[in-house]
Each structure stands twice: as C-alpha cells, then as structure tokens.
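Residue numbers (the working numbering): 172 to 371.
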Amino acid sequence: MNVSIAPASFEFEGKPIYVNAKLKNFENIYYDIKAKGELDIAKIYKVFSQKGLELKGYINADVAFKGSQNDAMNRRYNKLQNSGTLKLRNIKTTSEYLPQPFIIKEGTFIFNQDKMNFNNFLASYGQSDFKMNGYLQNVIDFVLTDNAILKGNFTLHSNYINIDEFMLPNEITTVYPPMTAPTETKVETGVVVIPSNFDL
C-alpha cells in the first residue's frame with residue numbers, strides 16, 4: 172500500500188500547516204515526510220490513539236524525515252535523512268506505566284539521523300520537577316516497531332523528586348475461610364516500573 176499526501180498548505184484550528192508525505196510498504200515502511208506548523212496533538216491523537224496512552228498539548232514542527240524502517244533497524248544511519256526541530260509546550264501524557272500524568276512544560280527537540288537531542292526540557296510529575304539536557308537514540312525504529320529499544324543519555328537537575336509518586340499500586344487480596352469474613356483487597360505501595368524497551 173502507498174500513501175501520498177501532495178504538498179499541501181492548510182489551516183488546522185486556525186494555525187497554518189504545511190505537509191508533504193509519502194509512505195509505502197508497511198511491512199518495511201519507507202517514509203518521506205516534511206511538516207511545518209503548530210499542532211494541537213490532543214485533537215490529532217484521537218485518530219491515532221494507543222491503548223494505555225493519552226496525549227495533550229502543542230507541538231511546533233519544522234521537520235524533514237526520509238528513510239526506511241529497515242535502514243533504521245539495521246543501523247544504516249548514513250542512509251537516513253532525518254532533521255529538523257520540534258518545540259513542545261504544555262504536553263500532558265498519561266501512561267499505564269505511571270499512576271499520574273507526566274507534564275512537559277516546554278522542550279526543544281533537534282533531530283539528526285536516528286538521534287533526537289533535547290535542550291532545556293522542563294517537566295513535572297506530581298510534586299517532582301525535572302530539567303533535562305541530552306539525547307535519545309534509535310527514535311525512528313522505536314516509533315515504527317513494537318520491539319525496538321529506545322536508548323539515550325541525559326543529565327537531570329531537580330529541586331525535588333518524590334519517588335513514591337512513580338510507584339504503581341500493588342493490590343493484595345486476602346481470602347478468609349467461609350462464613351468468617353468477606354474477601355478483602357487492599358492497596359499497598361508497589362514498585363517503580365521501568366518499561367522493558369527503555370535503555371536510558
């Protein structure tokens with residue numbers, strides 16, 4: 172199957188957007204995408220939503236991505252042509268791995284081949300605050316496949332981190348003998364779950 176979006180300029184929610192995209196062979200996807208403009212991702216994500224994940228906020232994009240899934244998976248980075256900048260603002264993500272929403276107040280991401288650098292990434296989670304600088308690697312493969320490992324290295328500064336807020340609750344069920352008491356389920360502090368496809 173081939174998908175082709177001819178060069179188009181239009182307005183989305185009152186903001187000008189430019190898109191030119193070609194996608195083909197969805198078993199080894201080849202992509203050629205250029206995009207520029209500001210997007211309200213909550214409205215877009217309703218179309219592409221994944222179970223256990225929600226997104227809200229705004230992205231200002233000026234990016235160009237060109238390459239194939241096969242080249243990304245096999246680390247032929249010289250064949251990829253990925254570049255550009257994404258500016259994030261007020262991004263709110265809800266994930267099955269985290270009990271509370273993770274909020275990106277602002278952040279600038281610069282793409283170069285398979286690497287995504289981020290500068291002055293400001294975020295909060297519950298009572299915790301974060302400022303990060305660094306990079307993520309293998310981003311294209313991670314987005315396109317279910318079994319790719321997202322790699323990265325960054326420095327983190329924080330005034331306060333409450334680790335308890337990152338812990339998923341652990342339910343313990345107590346079953347009593349018949350005729351004595353009903354079954355009880357209580358929630359205790361659990362563990363911090365790190366997704367298996369993260370190597371950060």
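All C-beta atoms in this analysis are idealised placements derived from N, C-alpha and C, irrespective of residue type, glycine included.
message: My output table needs one value for D335: the three-state DSSP class, helix, strand or coil.
response: Note: D335 maps to helix in three-state DSSP.
query: Sorted by chain position, which residues of the same chain lie with C-beta nearer than 7 angstroms to F282's C-beta, five sequence neighbours on each side aside?
result: V234, N253, S254 and G255
- prompt: Is I204 helix, strand or coil when you go by DSSP?
  reply: strand
- request: Determine the closest residue to S239 out of P270, Y202, E267 and I176, with distance taken between C-alpha atoms.
  value: The closest CA to that of S239, considering only P270, Y202, E267 and I176, is found on Y202.
task: Kindly give me the distance between the Cβ atoms of V230 and L259, rounded to whole angstroms, as I take these residues to be in contact under 8 angstroms.
output: Note on residue identity: the sequence assigns Ile, not Val, to residue 230. Between L259 and I230 the Cβ distance is about 6 angstroms, and since that is below 8 angstroms, they are a contact.
field: Residue of N191, R247 and T265 minimising C-alpha distance to S175
entry: N191
query: In terms of residues, what are the limits of the beta strand (DSSP E) holding Q252?
result: Q252 to S266
- prompt: Where do the ends of the alpha helix (DSSP H) carrying V310 lie?
  reply: V310 to L315
message: So, at 6 angstroms on beta carbons, what are the nonlocal neighbours of I275 in its own chain, with the 5 sequence-adjacent residues on each side left out?
response: L259, I262 and A294
query: Would you report the Cα separation of N196 and H328, rounded to the nearest angstrom?
result: Cα-Cα distance, rounded: 42 angstroms.
Residues bridged to N187 (per DSSP): Here the sequence assigns Pro to residue 187, which means Asn is not the residue at that position. Bridge partners of P187: E182.
message: According to DSSP, simplified to helix, strand and coil, what is M303?
response: strand
- request: Provide the residue(s) that pair with Y296 in DSSP beta bridges, ordered along the chain.
  value: F273 and S299
- request: Would you give the residue range spanned by the beta strand (DSSP E) that N132 belongs to?
  value: The structure shown does not extend to residue 132, since the chain is modelled only from 172 through 371, so no value can be given for it.
- prompt: By a C-beta neighbour count over all protein chains shown, 10 Å radius and 16 as the cutoff for buried, is N199 buried or exposed?
  reply: exposed
message: Give me, in chain order, the residues of the same chain whose beta-carbon lies closer than 6 angstroms to that of G278; leave out the 5 immediate sequence neighbours on both sides.
response: L259, F289 and F292
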